[in-house]
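Residue numbers (the working numbering): 1 to 566.
Note that CB positions come from ideal geometry on N, CA and C, so glycine has one too.
Remember, predicted model here, so these are calculated numbers, not experimental data.
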């Protein structure tokens, strides 16, 4: 039977899509955290193992040859001075970044050429150039940078001095030639016309110009030290070792978080496991919410009771309202017993409840303890005043009361028989006529048809899944099996509760009804069996320390409950 959510329930707590989105975000967050930790640790290891490097820089300035050297006669240079200066600096940068300068520095500092790492860059649009050297130690970096600056400045000044020397030699040669030409001309006549007057005047004018150029070049030679110079000695820059390590670790953490956050949901979806309610919302069956909590310890016991209470509100024909509930699952190990016991205990707070189990040992382990066998008489009905009208042929069942929960009894279906064999007319209907609510902890659908038989008898059926332990395909197949048998599930329970220990299969027992109990040894059907002193109502036993056991119902919640109305 499919049930609708009860109006007035907490919508935010019962919205599977919202809980599914929260689950996806949680998986992405966990994946991002793991990825960040793993790759961050790897990045830290790499950064710690890398050899730190130190850099040192020196500043030099360099100018083109003066105009007096370019044109000694006029002292000016044609063309755009800014463009000429930019071209000159670019040419000098090529020289500064060449292997030739690195070789000279290596020879000067006495290190291999491969250990010399130089880089020269222009500072803005100025004629200042930064020469940076990177080495293993600060001393080596400073020595290399300073040596590179000194070698470059000395070379630049030497190139200018060599050019001036060459130009002066040319001027001196021309002066000598002109003087010889003048000396070779005949003396001018005392009377008459001097035919060599023009030649003599031209040679004299050339001598004047050459003498002026010689004076200009000599002054330029005295100023060769101003064409280039070191304006800042080599200084060690702040070590980049820590910054590089931090950047490496930060980059590794970011990449790891990104990969983990993206891959975690993808891997989860590829595995096909149920991770949250969102994974089973598209199977055509409502998801009961909230999910059962992952623990029943301490304060989480209250969360479990609250979750079961809200789930019970979504089952209008369930045991809380005097009906019946079949708890089935696609396979083993998803917590059907845990879920069934939780709903049975909650229903027992309001009315007598019968928990039908196919494994009494497992049910006892989850419940925390069972009392000795007693008889439950099913048959007859109650009139409008609530009085019992006995049946001529009642059915007597051997049940066990639950320690700490007076309103709950456990009936075991013997191995080799089924729920249809317990009461021929139908166990659930007979119990309902006797005033008992019923919760059936059915075997898995993949191992027995008892789950279908229980679902056909009960008014409500829930399909239990476990986060991480169920596959979406198996849950879908379970839904289809129930639909095919005519038992429409009322909802899917996503179970986070701890599952009980695996137990070996029980030895088969003879098929047939259980033997009648000894009246002298067993109490009467309506007698209340005393609660053992170890777990009596006056002793608050916290069984939640044993993982997988349900919390004991507080005494104030069970005060005044009937113990047996059968």
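- When the beta-carbon positions are compared, residue 307 and residue 291 come within less than 8 Å of each other.
- Contact between residue 254 and residue 31 does not hold, since the beta-carbon distance rounds to 14 Å and is not under 8 Å.
- Judged by DSSP in its simplified three-state form, residue 130 adopts strand.
- Residue 172 and residue 207 have their C-alpha atoms spaced approximately 10 Å apart.
- As summarised for the region 399-437, the continuous beta strand (DSSP E) elements at least 3 residues long and confined to that stretch are 405-412, given in chain order.
- Looking from the CA of residue 372, the closest CA among 394, 352, 409, 353 belongs to 409.
- Contact between residue 257 and residue 486 does not hold, since their C-beta atoms are separated by about 50 Å, which reaches or exceeds 8 Å.
- Residue 128 has its alpha-carbon roughly 16 Å from the corresponding atom of residue 83.
- Annotation for residue 476: 283 place their beta carbon closer than 6 Å to its own, counting only its chain and skipping 5 residues before and after.
- Closest by C-alpha distance to residue 451, out of 481, 69, 185, is 481.
- In the DSSP assignment, residue 441 is bridged to 327, 357.
- Only residues of its own chain outside the window of five on either side were considered, and among them 68 have a CB closer than 8 Å to the CB of residue 219, listed in chain order.
- By the 16-neighbour rule on beta-carbons within 10 angstroms, residue 362 is buried.
- The alpha-carbon of residue 460 is positioned some 16 Å away from that of residue 346.
- In the structure shown, the three-state DSSP call for residue 157 is helix.
- For residue 495, the number of other beta carbons within 10 angstroms of its own is at least 16, and it is reported as buried.
- Closest option to residue 38, judged by alpha-carbon separation, among 124, 134, 252, 224: 252.
- For residue 491, the uninterrupted beta strand (DSSP E) segment begins and ends at 491-495.
- For the pair residue 234 and residue 107, the CB atoms are not nearer than the 8 Å cut-off.
- When the five nearest sequence neighbours on each side are left out, no beta carbon in the same chain lies closer than 7 Å to the beta carbon of residue 247.
- By the C-beta density criterion, residue 90 is exposed, having fewer than 16 other C-beta atoms within 10 angstroms.
- DSSP places residue 195 outside any beta strand (DSSP E), giving it a letter other than H or E.
- Secondary structure within the region 72-138: the beta strand (DSSP E) runs of 3 or more consecutive residues, fully enclosed, are 117-122, 128-135 (chain order).
- Boundaries of the beta strand (DSSP E) harbouring residue 370: 370-378, taken from the DSSP string.
- The alpha-carbon separation between residue 305 and residue 350 amounts to approximately 14 Å.
- Rounded to the nearest whole angstrom, the CA to CA distance from residue 159 to residue 119 is 22 Å.
- Around the beta carbon of residue 490, a 10 Å sphere encloses 16 or more other beta carbons of the protein chains shown; the residue is thus reported as buried.
- Going by beta carbons, residue 61 and residue 228 fall inside the 8 Å limit.
- Going by beta carbons, residue 465 and residue 334 fall inside the 8 Å limit.
- Where residue 59 is concerned, the enclosing beta strand (DSSP E) starts and stops at 54-62.
- For residue 457, no beta strand (DSSP E) segment is defined; the enclosing uninterrupted segment is the alpha helix (DSSP H) at 450-457.
- The Cβ-Cβ distance between residue 58 and residue 131 falls below 8 Å.
- It is roughly 44 Å from the alpha-carbon of residue 77 to the alpha-carbon of residue 138.
- Counting along the chain, residue 322 sits inside no alpha helix (DSSP H), nor does DSSP assign it H or E at all.
- Taking every protein chain shown into account, the CB of residue 279 has 16 or more other CB atoms within 10 angstroms, so this residue is buried.
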